[in-house]
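The structure appears below as structure tokens.
In structure tokens:
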């Protein structure tokens, strides 16, 4: 893989983390294509060891935590700016840590990129949550810029200890 491309993708994902942690959510939205699909399936705990990790995840049309388009993300973001989102009053403080960035495929217009993440969230005096998982992104080159066209978020947790998921992963 071209080291210049890998560096550009890493910088892009680190910029995304910075925008989220600094609550610059309108700028964050601009990192996505207009036909975005931002999806986080529910994870199941099967009794038997599945052949494929995908067998532990809900399928499209089944249960999910997020199934957003760019427009539904925009509504969620604007709600946070309007101060009517009770789960974010006062707002959460987050730290997004991104690692193990791997470029799986590049066809010169789109790239499949996998990365691992830890999102630490604290709110008020005692609320703390940790979300851990992997992201499978389709990044697209648009007018010389990298944009996120598809994101699948897979949490390691099957049962969430958090009261809600009011932050973006």
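In our numbering, the protein residues as written are 52 to 220.
Heads up, the beta-carbon is just placed ideally off N, CA and C, and yes, glycines get one too.
These numbers were taken from a predicted model, which means no experiment stands behind them.
Within the same chain, Cβ atoms closer than 6 Å to the Cβ of residue 167 are found at 150, 151 and 185, the five residues on either side in sequence being excluded. A buried status is given to residue 202, since no fewer than 16 other beta-carbon atoms sit within 10 Å of its beta-carbon. A direct Cα-Cα distance of roughly 27 Å separates residue 146 from residue 114.
When only Cα atoms are considered, residue 70 and residue 101 end up about 37 Å apart. Taking the Cα of residue 125 as reference, the smallest distance to any Cα among 61, 77 and 204 is reached at 77.
C-alpha of residue 111 to C-alpha of residue 179: approximately 30 Å in a straight line. Between residue 120 and residue 193, the gap from beta carbon to beta carbon reaches 8 Å or more. Listed in chain order, the non-local C-beta contacts of residue 68 below 7 Å within the same chain comprise 147 and 149, local neighbours out to five positions each way being set aside. Per DSSP, the beta bridge partners of residue 91 are 117. Secondary structure at residue 124: helix, using DSSP grouped into helix, strand and coil. For residue 138, the CB contacts under 8 Å within the same chain, skipping 5 residues up- and downstream, are 214, 215 and 217 in chain order. Around the CB of residue 181, fewer than 16 other CB atoms lie within 10 Å, so the residue is classed as exposed.
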